[in-house]
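UniProt numbering applies: residue 1 is where the sequence shown begins, and numbers increase by one.
We put the beta carbon where it would ideally sit given N, CA and C, even for glycine.
Bear in mind that the values here come from a model prediction, so they are computed numbers and not experimental data.
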Amino acid sequence: MSSPVSTPSIKAPDSPTTKPISSGPPTVDILPTPAAQTYSHVHPALLLALYGVRFPALVADPVSTLLTDLPVYTALQVAYAVTCLPQAGTHNAHPANPTTEASPSTPGTSGVVKSGKTGYRKKIGHGGSKGDGVFKRLTASFLSLTLTFLLGTPVLALLLVLFGAPFTTHNAHTILAAAHMALLAVTPLVYVHGVDGVVWMQVWAFSRPADAVWGGALGTGVGAWLGAVPIPLDWDRPWQAYPITVLTGAYLGYAVGQLIARTPLLYGKRIQFNKPSE
């Protein structure tokens with residue numbers, strides 16, 4: 001009696017559409033044009049050079065100098081945003097650590113890259129040329145500046161007071177210092193992210209991945225905090241007066257943070273406050 005012939009089992013191949021990896025919000029890249037790549041490195045040096053030239057005047061008369069120089073720094077930040085950064089709603093989402101990799105799709109379509117909690121829409125096959133006209137970029141930068149000065153400046157002024165700035169005196173110093181810090185940190189964030197509530201929750205939670213925009217904003221805050229250290233020291237130097245060292249630290253921190261956040265050592269990485277679950 002012959003033994004029954006066993007039928008070999010056929011294992012279905014794994015689906016090629018997804019590949020699980022760790023989750024995370026997307027980074028923002030500098031535009032790939034030669035002008036953007038070049039000016040993104042020139043811009044921090046230009047800001048620091050101007051700040052260095054104006055430093056003696058800042059020490060002699062902080063309020064007048066900060067007020068006079070604010071339009072110049074504003075023009076430089078607008079030039080940086082329009083030239084180097086993708087405007088909100090037009091840039092591709094590049095997840096730092098997405099949970100799934102979308103399967104190849106037909107050019108001109110869009111896929112959703114899913115994360116552990118939220119989804120980020122990834123535009124595929126669109127260069128964004130229709131939405132990246134000069135007029136639209138300038139309009140976006142104007143709206144970013146409006147939100148920066150109307151909302152960012154009061155919030156940062158309050159934070160300066162909470163961190164030890166005079167409350168009953170030096171009010172003009174505090175407001176102007178907050179305006180300069182908001183121009184550095186808030187304007188690029190609003191330009192690339194708009195008013196997306198999820199993104200701004202990530203900003204305040206320090207959970208954004210490192211890129212030029214987030215690195216510049218974080219560097220501004222850390223630099224201003226470290227810049228306050230020399231103020232109470234008994235060196236009796238004119239440049240120790242508030243808010244000179246705070247702003248010096250903010251400008252240095254912005255330049256350093258913007259540049260090092262683009263290096264392979266930090267790009268795409270996030271600050272970890274808790275040990276990641278296995």
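- With fewer than 16 other Cβ atoms inside 10 Å of its own Cβ, L150 counts as exposed.
- In the structure shown, T74 falls within a helical segment according to DSSP collapsed to helix, strand and coil.
- With fewer than 16 neighbouring CB atoms inside 10 Å of its own CB, L138 falls in the exposed class.
- Under the three-state reduction of DSSP, P232 is assigned to coil, being neither helix nor strand.
- Using a 10 angstroms sphere on the CB of D236, the tally of other CB atoms stays under 16, which defines it as exposed.
- Within its own chain, the residues whose Cβ lies closer than 8 Å to the Cβ of D196, once the five positions on either side in sequence are excluded, are A88, listed in chain order.
- Using a 10 angstroms sphere on the CB of L265, the tally of other CB atoms stays under 16, which defines it as exposed.
- The Cβ-Cβ distance between Y267 and G219 does not fall below 8 Å.
- Our two residues, H41 and V82, have alpha carbons roughly 15 Å apart in a direct line.
- Under DSSP, P86 takes part in no beta bridge, so it has no partner.
- Taking the CA atoms as reference points, P230 sits about 6 Å from Q240.
- Its Cα nearest to that of G249, the residue G227 stands out among G52, F142, A79, G227.
- Within the same chain, and ignoring the five residues on either side of L156 in sequence, the residues whose Cβ sits closer than 6 Å to its Cβ are A178, M181, A182.
- Within its own chain, the residues whose Cβ lies closer than 7 Å to the Cβ of G152, once the five positions on either side in sequence are excluded, are A182, V186, listed in chain order.
- Shown here for G215: same chain residues with a beta carbon closer than 8 Å to its own, the five before and five after excluded, namely G257, Q258, L259, I260, A261, R262, L266 in chain order.
- Around the C-beta of V78, 16 or more other C-beta atoms lie within 10 Å, and the residue is accordingly described as buried.
- Spanning the alpha carbons of G133 and T68 requires a straight line of approximately 30 Å.
- Around the C-beta of S64, fewer than 16 other C-beta atoms lie within 10 Å, and the residue is accordingly described as exposed.
- DSSP places P26 within a strand segment (E or B) once states are collapsed to three.
- In the three-state DSSP reduction, T263 falls in the coil class, being neither helix nor strand.
- In this chain, V195 is not harboured by any alpha helix (DSSP H), its DSSP state being neither H nor E.
- Nearest to H173 by C-alpha distance, out of Y191, T90, V246, A45, is V246.
- Under the DSSP assignment, W225 falls in the alpha helix (DSSP H) whose first and last residues are 212-227.
- Leaving aside the five residues that flank L66 on each side, the residues in its chain whose CB is nearer than 6 Å to its CB run, in chain order, L176.
- Taking a C-beta distance under 8 Å as the contact criterion, Y80 and S144 do not qualify as a contact pair.
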